[in-house]
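Colleague: Sharing a structure with you now.
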């Protein structure tokens, strides 16, 4: 995943060779493990390469194995919000430190994060979650089945001020910006 703004260029990839507590890892400038995971946990390592006009840094962020390096982050000014399954870590890119880290759920798998009217919307397997800019949960929405499709329909989209969803069985849902159901084909 590649993100850019006026100050930073950020590239996020999975480091498949990284093992916690190993001496054979690639060298990184900064190591973040906000959940304090160890070798007994099943983890994934995201390499975050941060470029600015005067510096380049390599950061490794350790989190849940059930995370993805596509659609996993939002870059805004000097802040990078990174989704790793059911946690969001906000990194201050100028200071290169974690400014906030929150676990927002205890169940399901989460696929993507995006900016939505100044806050964050997270697309999960079992629910759609809205977090405010301080990572407090404002609402969540669950459908009749998981928000993954078995056909060509996109399971999650934002269109203007609406969230458009399809579930596994093909039911379609429209939510407003407050997480309220506007329309669905499940109950029809």
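Numbering (this note's numbering), first residue to last: 1 to 188. Virtual Cβ for every residue (Gly too), placed ideally from N, Cα, C.
Among residues of its own chain, excluding the 5 on either side of residue 68, which ones have a beta-carbon nearer than 7 Å to its beta-carbon?
Modeller: Counting only Cβ-Cβ distances below 7 Å, and skipping sequence neighbours, we find 111.
Colleague: Quick check on DSSP: helix, strand or coil for residue 63?
Modeller: Looking at residue 63 - three-state DSSP - the assignment turns out to be strand.
Colleague: Report yes if the C-beta distance between residue 80 and residue 91 is below 8 Å; otherwise report no.
Modeller: Against a cut-off of 8 Å, the Cβ pair of residue 91 and residue 80 comes out as a contact.
Colleague: Helix, strand or coil, according to DSSP, for residue 114 in the structure here?
Modeller: Strand at residue 114.
Colleague: Hey, could you find the ends of the beta strand (DSSP E) residue 39 is sitting in?
Modeller: Looking at the DSSP string, residue 39 is not in any beta strand (DSSP E), and its letter there is neither H nor E.
Colleague: In terms of residue numbering, what span does the beta strand (DSSP E) encompassing residue 14 cover?
Modeller: Per DSSP, residue 14 belongs to the beta strand (DSSP E) from 9–14.
Colleague: Go ahead and pull the three-state DSSP assignment for residue 84.
Modeller: Strand.
Colleague: For residue 39, collect the residues of the same chain with a Cβ closer than 6 Å to its Cβ; drop the 5 residues on either side in sequence, then sort them by chain order.
Modeller: Cβ within range, chain order: 20 and 21.
Colleague: For residue 123, tell me which candidate among 85, 94 and 159 has the shortest Cα-Cα distance.
Modeller: Per the Cα distances, 85.
Colleague: Just the C-alpha distance for residue 94 and residue 54, rounded to the nearest angstrom, thanks.
Modeller: If I take the Cα positions, the gap works out to 11 Å.
Colleague: Tell me whether residue 26 sits in a helix, a strand or coil according to DSSP, three-state version.
Modeller: DSSP places residue 26 in coil when its eight states are reduced to three.
Colleague: Look up residue 148 in the DSSP assignment and say whether it is helix, strand or coil.
Modeller: Coil, per DSSP.
Colleague: Hey, residue 117 and residue 51 are a contact pair by Cβ (cut 8 Å); roughly how many whole angstroms apart?
Modeller: In fact, because the Cβ distance is near 29 Å, the residues do not count as touching under 8 Å.
Colleague: DSSP three-state label for residue 20, please.
Modeller: Of the three classes helix, strand and coil, the one that applies to residue 20 here is coil, per DSSP.
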